[in-house]
Each structure stands twice: as C-alpha cells, then as structure tokens.
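The opening position of the sequence shown corresponds to residue 306 in the working numbering, with each subsequent residue numbered one higher.
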Amino acid sequence: MAVKRVAFHTLGCKVNQNEAEAMQSLFRKAGYEPVDFEETADVYVIHTCTVTHLGDRKSRQMIRRAVRQNPEAVVVVSGCYAQVSSEEVMKIPGVDLVIGTQARSRIVELAEKVMKERQPLNAVQDILRTRDFEELPLEETGRVRAFMKIQEGCQNFCTYCIIPFARGPVRSRHPDVVLAETKRLVSKGYKELVLTGICTGAYGRDLGGDMNLNKLLQMLKEVPGLLRIRISSLDPNDFSPELLDTLTGEKIFCPHLHISLQSGNDKVLKEMGRKYTTADFAALVTELRRRRPEIAITTDIMVGFPGETQEEHESSLAFVKELALAGLHVFKYSPRQGTKAAGFPGQVPAPEKEKRSQAFLALGAELKRAYAAGFLGRSLEVLVETEGEDGVWEGHTDNYLKVRFKGTGDLRGRLVPVLLDELKGDSLWGHLL
C-alpha cells in the first residue's frame with residue numbers, strides 16, 4: 306500500500322507557523338509523508354491568516370492551487386480566515402474540510418473521515434465560547450531553538466483587529482504542562498526556548514489564583530541546561546514592575562523584545578483603542594535600555610488607519626525614528642468586517658497607504674542596520690544553529706543579531722564567543738575567539 310502524502314502551506318504569524326508544524330507532526334505520526342506544496346499529495350492543508358484582506362486573498366489562491374494540483378486530494382482549510390469566514394471558505398470549489406482555530410488536534414481523524422465519506426465537512430465551532438487551551442504536539446526537528454505556544458486568544462478588541470473573533474478569549478497552557486514540556490525539550494538538546502502566544506502577556510489570567518507570565522518565567526529559569534528564554538511579543542501594558550525586573554535582571558532572559566506600538570501618534574492610538582500613549586511607550590523603552598543597554602526592541606507599525614492625516618503619519622514616523630528601535634514590522638490597515646474601524650470615516654486610499662508603508666519600511670531597514678552596526682568590534686556570545694557551505698556557521702546572539710563565522714568541528718548547539726568584524730546584508734560576520 307502506497308504511503309499517503311500530505312502538503313502544507315502556511316500564511317501569517319509565528320504562532321501559525323508553529324501550529325502548522327504541530328499538525329504536520331500529527332500527520333507524520335499517522336504514517337503520512339510530508340511533501341512540498343507544489344508536489345502531488347493526498348491531503349493539502351492551507352493554514353490561513355485573516356489579519357488583512359491580502360491574507361484572505363492569498364489563502365483563497367493557495368486553496369485553488371491545491372485543487373488544481375490534485376482534484377482528488379482532500380483539501381483542508383484551517384486557521385483564522387477559516388474560523389471567521391467558514392461558510393465563505395466552504396463555498397470554494399474543491400474544499401473538503403474547514404476546521405478553523407479549533408479541532409486542530411483532530412485534523413488527521415477528520416481528514417480521513419472526509420477521505421472515506423467524500424462528503425465536505427465544516428467543523429468550525431463558536432470560538433467565543435471556547436475556554437480550554439488546545440494541546441498540540443511540538444514538532445521535533447533537532448533544532449537548537451524551540452518555539453512553545455503557551456497562550457491562545459485575545460480580549461483586547463482593538464478597533465481594527467479581527468483576531469479576538471478568530472482566536473477567541475484568553476486561554477493559557479497549564480504551567481505544569483509548560484514546565485514538563487520545557488524539561489523534555491532540553492533533554493532532547495534544545496538550548497533556547499521561545500514563548501509564543503496570541504497575547505502572550507495575558508498568560509495566566511484565565512487560570513485563577515495568582516499565576517501570570519512572570520511566575521511562569523520564574524519556574525522555567527530553573528530548568529537545568531536551558532540557556533536562553535525569549536519572549537515572542539508583548540504589549541506596552543504587559544510590563545508589571547515584577548515582569549520588568551525579571552526580564553532585565555537575569556542573563557537567561559534574552560535582551561530582545563517585540564513590543565507592539567501600532568502608531569506613534571496619540572490621536573491615532575486612541576482611535577485604535579490602544580490603552581497607552583506615546584509617552585508611555587517611550588518611557589518603557591528608556592527604562593528597558595537603562596537596565597539592559599544592549600537590548601533590541603522592535604515593534605509593529607500600522608499605516609493608513611481611518612482618519613490618519615499626513616501630519617499624523619509624519620509625527621508617527623518622527624516618533625519612531627527618534628526612538629531608534631532595532632527593527633519594524635510594517636503593515637497597511639485593512640478594514641475587517643465586524644470590527645469598529647471598518648465603519649470609521651476617512652478611509653485612506655490604497656496608493657497613500659502604500660506610500661506611507663514604504664516610508665516606514667525604509668526607516669525600518671535603516672534602523673535595523675544602524676542597530677546591528679553598533680556592535681561591530683565587539684565580542685558577543687552566539688548560539689550556533691546551522692552549518693552552511695565552506696565551514697561557515699550561523700547563529701544568533703541573545704539580542705537576536707544573526708551572526709556568521711568560520712569554524713571547525715561540530716559547533717551546533719554551543720555558545721561561542723565571536724568578534725564581530727563586518728556587516729553584510731542582514732548578517733554580521735565575525736571570527737571565533
């Protein structure tokens with residue numbers, strides 16, 4: 306009997322990438338062979354994003370591509386677009402199974418049910434009623450850095466954002482499960498743990514008692530053999546005095562934080578429903594740098610929010626430039642049906658949004674390069690991850706600078722001192738000390 310083949314295509318954020326790896330692991334354990342999405346497969350899984358209209362469109366394109374490649378295959382659509390627009394997705398010719406952001410742990414069972422019965426199935430449930438964290442296996446690929454999802458959902462309901470409707474309320478993974486999984490990963494050779502979530506700073510709010518992100522970090526730092534703990538993303542309001550002390554007080558916590566700003570203009574922030582000011586954000590950045598001068602702080606920026614004037618855009622640009630952050634993730638506002646901002650007046654034309662986006666992208670590239678260049682001539686510890694051609698090794702510093710250098714022997718998974726000599730493209734090059 307021929308081995309069944311499964312192909313994945315994933316759109317969107319790091320959390321989506323991690324979930325897709327977990328679902329692929331479930332198929333592998335069931336005897337499926339993972340293949341490239343361009344190859345012929347028995348099952349195609351499109352793990353979708355719906356943050357913008359572009360995400361929706363790309364999702365539909367990949368669904369149709371899968372159907373063309375093998376009309377007999379089972380086409381599964383999961384993720385955020387599938388969750389909020391399940392009926393729309395079910396109407397796309399060739400779609401067999403829609404599971405949204407739940408029932409992912411049953412993806413193999415449901416795909417094989419559809420394969421056997423040849424009857425399309427919409428398995429999407431009401432996410433806003435969900436209260437349990439869905440356990441998914443972590444894909445083990447022998448890498449040095451492990452991504453672990455500890456939290457699901459968001460209840461902030463910012464005026465532009467569809468995510469609370471796609472991901473549901475805050476659900477946290479039990480700390481005992483997180484701790485046990487961390488110990489298991491370290492025993493497998495992982496040296497760095499990246500904690501991810503939809504709203505990571507909300508960890509523990511649904512668990513009762515006094516469990517929170519800070520207490521979880523205090524537990525994880527005691528795991529023998531774990532060299533680094535990295536947080537994927539936080540909001541400015543997540544920083545309690547205790548969390549600030551923890552993240553800046555011990556070497557195991559990486560001096561690399563992605564803190565979502567969205568706009569450098571207070572009027573726009575208020576319209577977005579963000580619960581902080583530019584002064585709050587600047588004060589947080591200043592305090593983090595005072596405590597850990599080498600810290601890399603990156604952020605999200607949205608351009609073209611309804612009603613944003615040219616002057617407000619320019620003030621946002623100036624604010625971000627003044628902060629001299631280490632990098633930017635820039636995206637254009639996209640009206641999402643069901644959100645407050647979709648009905649706001651003053652929708653910014655697409656060409657203007659593109660122009661503003663380009664201005665921030667150029668600034669982001671400039672800031673990223675300037676931050677990296679500031680470490681030339683310094684020796685930093687690099688966690689070695691992969692070996693390329695000609696004995697060139699690649700890894701990252703704790704503040705997430707990509708570093709390449711030549712070395713002999715098996716350096717994978719080791720922390721090594723590297724003197725940084727040159728900045729080429731997106732990498733620093735150096736030599737072992």
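The C-beta atom is built at its ideal place from N, Cα and C for all residues, glycine as well.
Beta-carbon proximity of residue i to residue j, cut-off 9 Å
i: VAL689; j: VAL721; result: yes
i: ASN704; j: THR501; result: no
i: GLU457; j: SER410; result: no
i: VAL348; j: VAL382; result: no
i: CYS418; j: PRO480; result: Note that residue 418 is Lys in the sequence shown here, rather than Cys. In this structure, PRO480 does not lie closer than 9 Å to LYS418 by Cβ.
i: LEU525; j: LEU484; result: yes
i: LEU628; j: SER684; result: no
i: TYR415; j: LEU402; result: The amino acid at residue 415 is misidentified as Tyr; the sequence shows Leu. In this structure, LEU402 lies closer than 9 Å to LEU415 by Cβ.
i: VAL687; j: GLU617; result: no
i: SER565; j: ASP605; result: yes
i: MET328; j: VAL356; result: no
i: GLY494; j: VAL449; result: yes
i: LYS673; j: ASP731; result: yes
i: GLN407; j: GLN424; result: no
i: THR553; j: PRO560; result: yes
i: GLU619; j: VAL653; result: no
i: LEU490; j: MET453; result: yes
i: ILE534; j: GLU497; result: yes
Three-state secondary structure assigned by DSSP to residue i
i: ALA631; result: coil
i: ASP726; result: strand
i: LYS637; result: strand
i: GLN322; result: helix
i: TYR705; result: coil
i: PRO339; result: strand
i: LYS520; result: helix
i: GLY384; result: strand
i: GLN366; result: helix
i: ILE600; result: coil
i: ARG476; result: strand
i: PHE313; result: strand
i: ARG689; result: The sequence given here has Val at residue 689, not Arg. Strand, per DSSP.
i: ILE503; result: coil
i: THR487; result: helix
Whole-number beta carbon distance between residue j and residue i, since they are thought to touch under 8 Å
i: GLY569; j: SER639; result: Not really, about 20 Å apart at Cβ, beyond 8 Å.
i: PHE636; j: MET607; result: 6 Å
i: GLU576; j: GLY609; result: GLU576 to GLY609, Cβ: 13 Å. No contact.
i: VAL311; j: TYR337; result: 4 Å
i: LEU681; j: LEU633; result: About 22 Å; that fails the 8 Å criterion.
i: ASP511; j: SER477; result: 6 Å
i: GLY651; j: CYS463; result: Not confirmed; about 17 Å, so no contact.
i: TYR676; j: ALA623; result: So it is not a contact: roughly 18 Å between Cβ atoms.
i: CYS459; j: VAL475; result: 7 Å
i: LEU706; j: LEU733; result: 6 Å
i: THR435; j: GLY473; result: 5 Å
i: ILE397; j: ARG370; result: ILE397 to ARG370, Cβ: 12 Å. No contact.
Alpha-carbon to alpha-carbon, residue j and residue i
i: THR487; j: LEU518; result: 15 Å
i: GLN523; j: TYR508; result: 14 Å
i: ALA471; j: PRO611; result: 22 Å
i: ILE455; j: ILE536; result: 11 Å
i: ILE557; j: ASN542; result: 23 Å
i: VAL708; j: GLY530; result: 23 Å
i: GLU326; j: PHE313; result: 9 Å
i: ILE503; j: VAL590; result: 22 Å
i: CYS466; j: ARG641; result: 7 Å
i: ASP361; j: GLN374; result: 20 Å
i: LEU562; j: VAL499; result: 11 Å
i: PRO376; j: THR353; result: 20 Å
i: LEU341; j: ASP431; result: The sequence given here has Asp at residue 341, not Leu. Whole-angstrom Cα-Cα distance: 32 Å.
i: LEU548; j: GLU555; result: 12 Å
i: ASP585; j: ASP571; result: 10 Å
i: LEU728; j: THR582; result: 35 Å
i: LYS660; j: LEU666; result: 10 Å
i: ARG596; j: LEU532; result: 20 Å
i: ALA588; j: ALA670; result: 24 Å
i: GLY714; j: ALA678; result: 29 Å
i: GLU343; j: LYS580; result: 44 Å
Beta-carbon contacts of residue i that lie in its chain and below 6 Å, excluding the five residues immediately before and after
i: LYS309; result: TYR337 and ASP347
i: VAL625; result: GLY569
i: LEU593; result: ILE600
Proximal residues to residue i (C-beta, below 7 Å), its chain only, five neighbours per side dropped
i: VAL413; result: LEU331, PHE332 and ALA335
i: ALA631; result: ALA601, ILE602, THR603, LEU672, LYS673 and TYR676
i: ALA664; result: LEU622
i: VAL429; result: ALA387, GLN388, SER391, VAL403, ILE404 and GLY405
i: GLY363; result: Before going further, note that residue 363 is Lys rather than Gly in the sequence given. Cβ within range, chain order: LEU316.
i: THR702; result: LEU685, GLU686, VAL687 and VAL708
Close Cβ partners of residue i (< 8 Å) along its chain, the five nearest in sequence each way excluded
i: THR505; result: ILE455, GLN456, LEU518, ILE536, SER537, SER538, LEU539 and ASP543
i: PRO339; result: ARG310, VAL311, ALA312, PHE313, GLN329, PHE332 and ARG333
i: LYS711; result: ASP695, GLY696, VAL697, TRP698, HIS736 and LEU737
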